[in-house]
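So the mapping is simple: my numbering equals the position in the sequence shown, first residue as 1, plus 25.
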Amino acid sequence: MAAASRFRGPALGIISLGALAVDQLSKHAVERHTAVGSLRVVIPGLLNLVHTSNPGVAFGLFADSENPWRGPLLIAFSVAVIAMLVWLLATGRAGGRLGECGLALILGGALGNVLDRFLRHSVTDFIDFHVGGHHWYTFNLADSAIVLGAALVVLELFREQAHPNQEPA
């Protein structure tokens, strides 16, 4: 068991840093090779690449706010969440392997988006899924890592419900 514990820390760090790196590389490519507002159809009727800049949070919330504290408050909140995720992972309170991997992905995604906020004062989004005229909110790979990570955490919770702890009370 000790060998598995020593392996988890570095592996979880690699997952987080990998999510951060893929996110930042994809955003850099979009920023370098497309103009803000540009649209490229990838799969007609399903997927576009759209270069947008979101100064708000998920789903564009607070994007239109002119409050000068919006940016610093969003960064502060993100840093607090990142600190909590690091604490959960570092202290072994992240659950089993699925939960740990999920929180590591959430951490990598959160780092990617907070880095954008800190450096650019907004988050670069570019993935536009749609079916006909029904579009989902434009997002990025950091957001994808966060959603995938949350799904892994929920999956672990359901697995634990199906297999309750057999240890004596």
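Each residue gets a CB set at the ideal place from its N, CA and C atoms; glycine is no exception.
Distance CB(residue i)-CB(residue j) smaller than 8 Å
{"i": "residue 114", "j": "residue 132", "result": "yes"}
{"i": "residue 181", "j": "residue 123", "result": "yes"}
{"i": "residue 125", "j": "residue 33", "result": "yes"}
{"i": "residue 134", "j": "residue 44", "result": "yes"}
{"i": "residue 72", "j": "residue 154", "result": "yes"}
{"i": "residue 79", "j": "residue 148", "result": "yes"}
{"i": "residue 127", "j": "residue 167", "result": "no"}
Per-residue burial, residue i [other beta carbons within 10 Å of its own, 16 or more giving buried]
{"i": "residue 152", "result": "buried"}
{"i": "residue 110", "result": "buried"}
{"i": "residue 163", "result": "buried"}
{"i": "residue 27", "result": "Note that residue 27 scores a pLDDT of 40, beneath 50, so its modelled location is shaky; the value from the coordinates is reported in the next line. That one is exposed."}
{"i": "residue 118", "result": "exposed"}
Nearest candidate by alpha-carbon position, reference residue i, set the options
{"i": "residue 102", "options": "140, 75 and 71", "result": "140"}
{"i": "residue 130", "options": "97, 178 and 117", "result": "178"}
{"i": "residue 61", "options": "77, 67, 68 and 51", "result": "77"}
For residue j and residue i, the rounded distance between their alpha carbons
{"i": "residue 184", "j": "residue 47", "result": "29 Å"}
{"i": "residue 106", "j": "residue 146", "result": "18 Å"}
{"i": "residue 12", "j": "residue 108", "result": "The chain is shown only over 26 to 194; residue 12 falls outside these bounds and no answer can be derived."}
{"i": "residue 100", "j": "residue 142", "result": "7 Å"}
Quiz item: What are the start and end residues of each continuous beta strand (DSSP E) run of 3 or more residues lying completely inside the region 134-172, in chain order?
Solution: Within the region 134-172, the complete beta strand (DSSP E) runs of at least 3 residues are 148-156.
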